[in-house]
Structures are given as C-alpha cells and as structure tokens.
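Chemist:
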Ligand code: 2M8
C-alpha cells in the first residue's frame, strides 16, 4: 500500500469508529470513549478534520470532574455487558464531584494539552483555533492542577498513578514488583476483554484480579486521594506518565501565552516534574528511567518503553540523554528486532512478543518516541521510527499492536490511535 492509500484507509477507520460524539478506540474491544486515546485521535484528526478534532476533545472534557480529574473512560450507550468493568462498577454517580455523564474514576496520561496545541498548530482558521484554546485552557489547567496537587502524594514533584490502567501500559513488567501487595481474591467477575482477542495477547488472570481489586479499593475510598498513602496498596511514579505531564505543562504555558494567561505557573510545574524525574526515577546503573513506589521509595528494575519518555523533557542533561539514546539503539530495543520499538527489553526472559504491553510494538509509544528523539536532536532516529511504524501499518493494517520480531498485527483490528497517528506521521 502506498502512503496516499494508507492515509485514506486511516480516515476510513476513524470514520467507522466515530459515534457522532466521540471516536471509539475499537468498536468491538473498547466500545466507549477512552481518555488518552481521544487525545491521540485528536492529534491525527487535526490533519484532516479540525472540527471533529475539537469535538473529540470537547466530548472528553465534558466528563471532567469538579476536582479537575479527567476520567479514563467516558461511557456511551454500548450495552452494559459489552465491556467490563462498566459504569455501574465505578459508581461515579455516587460521588459528589463527578459529572452527570457516567465515567470511570481513574485517569490516564495527560496528552490532552499537547492535543489542543496541535489542533491549533494545524488550523487554517486562526481565530477559531484561538477561541478553541481559550475555551479548553481552564479545563486543561484544572486537569493538570489535579495531577500536580492531589496526585503528588508526598510533595516530591511527581504525580502518582494508583492503578496500572492509569499508566496506559496496563500489564507492563514495570508494575510487577508493586502488585504482590494487592489482594486479588475479591468477588468473581467475568472478563470480557478476551471475547475478541486471543488470550496470549491480553494480561493474565492474576493481573486482572489485581486490576479489579485496585479499582474497588480506590472506589471504596470514595476516590479520596488524601487516603491513598495510608489505605491503598498501589501508589507508583511512572516515567511515561510524568514525562507526558511535563510536556503537557509546557504546552499549557504556550497555550496560556496565546490566550493572554500567565505561563509562569506552568513552567514552574514543569520544572518540578523535571526535578522529580531526575531525582527519583533516573537509574544511573541501568541508564534508563524506572518506576518507583511512593510509599517505600523502592524502585523497579525493568527497562521498558516508559524509560525513554523523558526524552520529551527539554532540560534533560546531555549525558542522561546520550545514555538513553544508547539504550534505545542497543540490541535491547531498536537494535535487536526488525520492527521496533518493542515495549520491553528484548533480552529479558519475561519479554513476550504477543502479550500486550510486555513486548509488542505500539504506534502511540512509537509516536511519543518520534517526538522525543526529534526534541533530543536526532532526526535520523526519528526517520527510522517513523518509516518502520508506517511500514508495519501498511503491511498489517491498523492493528492495536505488533510483533516486533515478525511484524504481524496483534490485538484489536481497526484500532483508532494506530490510524490517527499514522495521519500525523504521514504528513
Ligand atoms: C487498554 O486499556 C484498557 C483499560 O483501560 C483495557 O485493557 O481494557 C490500554 O492499552 C490503554 O492504554 C488504552 O487506552 C485502552 C483503550 O485503547 O486499552
């Protein structure tokens, strides 16, 4: 397939997944609106349909809680049984600061300020773009305030995630050391996630039991972040989430500048995340950024795709940047397989070619790395990542993820962010 046809096919996929109010990640596997999916989708739509890109973000922001929390799922009309856990599980209607629309109670990486700024950057109608920025700025600023204030659990400058689903990289090996404390022996539930995808491409049952137990724990605390350190068994700082938070603050500073607001608080917030990343998550021995348990200070050891996300940080010391790039190009990642970038160190015994976030290549993490290596002054690596990602999509279609060894498509078909980010990478 040539690039022109790939672009047309991408638009077709996004149209097929559009409900009239939002774009579903996949009609079968994920039949609701997901938070960071919508941000990636808006970034792609900004290339072809500005109006829909704006509607995508607006739809999500309408589901924001009064505290600024932007939920990871906004439930639509798909039958209650189509996806587990459904809206009743989270019981957001029982929480005073939640909106009327039904949502989950956890968050996802804040790519949304980047999406809003991208929409503006691609706009032909500059006035409409500025009006849109002015409209969404207070909501995005509230989203970041929530993360910077309520989720910085011990004042260390980083936002904690309280559930692996909040990372977006659900069953990454990065979370393994922090899950044994979770008691997954709760009430029975029926997994719906394997109705459409092979079992060896999804998280294992023990992981799923922990996911449900953690979601119940947070829900039963009334989503009260002040109780997390005492009562919740998973409070972890993730380099991917925090690098995106830092990038988002820099985007907010730029948005503030354009709409006549004050960029300074956003620079300060970005600097705080930078200090937290360097002081807490940089592992000098391994030459990458790793996850850290807020409660114990214990750090993980897994070298995953998340470790490269701080390439988005413009203040990264040159020596740290160079070590990260060395690891990225080494046989552990880009140098060790024909279809990079794998989400986990290829040489680890726990690397799995097909299992979700434990090895496969994903389009959104490739896109983030593409932006990161460009920022790090390496257009050569950016070209390799871009060419290889588009090649995978041309050969295997808009699959959810890909086997980094043979390039075969895995997970859901017609997956929205694979199509959307192709549009951005094609341009
Ligand atoms: C995956 O996560 C959901 C739970 O949120 C699931 O496995 O059911 C992840 O890949 C996540 O990053 C993504 O946003 C979501 C929808 O595409 O699917």
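In this note's numbering, the protein residues as written are 29 to 455.
Every residue gets a Cβ at the ideal spot worked out from N, C-alpha and C, and that includes glycine.
1) So, using beta-carbon positions, are residue 58 and residue 231 closer together than 8 Å?
2) Could you tell me how far apart the beta carbons of residue 267 and residue 309 are, in whole angstroms, since I believe they sit closer than 8 Å?
3) Decide yes or no for the touch test of the segment 301-319 against the segment 224-241: beta carbon pairs closer than 8 Å, at least 3 of them.
4) Given that a residue counts as buried once 16 or more other Cβ atoms are within 10 Å of its Cβ, and exposed if not, what is residue 338?
5) Have a look at the DSSP bridge pairing and note the partners of residue 327.
6) Answer yes or no: the CB of residue 58 versus the heavy atoms of ligand 1, is any distance below 7 Å?
7) Assign residue 136 to one of three DSSP states: helix, strand, or coil.
8) Among the candidates 441, 142 and 134, whose CA atom is the shortest distance from the CA of residue 395?
9) Taking the straight line between their C-alpha atoms, what separation do you get for residue 96 and residue 158?
10) Does at least one heavy atom of ligand 1 sit under 7 Å from the Cβ of residue 136?
11) Mind checking whether the beta-carbon of residue 62 lies closer than 7 Å to any heavy atom of ligand 1?
12) Would you mind reading off the limits of the alpha helix (DSSP H) that contains residue 282?
13) Report yes if the CB atom of residue 320 is closer than 8 Å to the CB atom of residue 264, and no otherwise.
14) Quick check: the Cα distance between residue 401 and residue 379, rounded to an integer number of angstroms?
15) Using the C-alpha atoms, what's the distance from residue 64 back to residue 256?
16) State the DSSP-derived secondary structure class of residue 188, mapped to helix, strand or coil.
17) Do residue 53 and ligand 1 come close, with the Cβ less than 7 Å from some heavy atom?
18) With DSSP collapsed to three states, give me the class of residue 311.
19) Would you say residue 203 touches ligand 1, meaning its beta carbon is less than 7 Å from a heavy atom?
20) Could you check if residue 453 is buried or exposed, using at least 16 other CB atoms within 10 Å of its CB as the buried criterion?
21) Per DSSP, what kind of secondary structure is residue 232 in: helix, strand or coil?
Modeler: Let me lay it out:
1) It is not a contact, given that the beta carbons lie outside the stated cut-off.
2) The C-beta distance from residue 267 to residue 309 rounds to 5 Å, short enough to meet the 8 Å contact threshold.
3) No, the segment 301-319 is not in contact with the segment 224-241.
4) Per the 10 Å Cβ criterion, buried.
5) Note: residue 327 sits in a beta bridge opposite 320.
6) Checking the Cβ of residue 58 against ligand 1 gives yes.
7) Coil, per DSSP.
8) That would be 142, whose Cα lies nearest to the Cα of residue 395.
9) It is roughly 22 Å from the alpha-carbon of residue 96 to the alpha-carbon of residue 158.
10) Ligand 1 has a heavy atom closer than 7 Å to the beta-carbon of residue 136.
11) Yes, ligand 1 has a heavy atom inside 7 Å of this Cβ.
12) Counting along the chain, the unbroken alpha helix (DSSP H) around residue 282 starts and ends at 267-286.
13) Going by C-beta atoms, residue 320 is nearer than 8 Å to residue 264.
14) Rounded to the nearest whole angstrom, the CA to CA distance from residue 401 to residue 379 is 24 Å.
15) For residue 256 and residue 64, the distance between alpha carbons rounds to 23 Å.
16) In the three-state reduction of the DSSP assignment, residue 188 falls in the strand class, which pools E and B.
17) Because some heavy atom of ligand 1 lies under 7 Å away, the Cβ of residue 53 counts as near it: yes.
18) In the three-state reduction of the DSSP assignment, residue 311 falls in the strand class.
19) Ligand 1 never approaches residue 203 closely enough for any of its heavy atoms to be under 7 Å from the residue's Cβ.
20) If you draw a 10 Å sphere on the C-beta of residue 453, you find 16 or more other C-beta atoms in it, and that means buried.
21) In the structure shown, the three-state DSSP call for residue 232 is coil.
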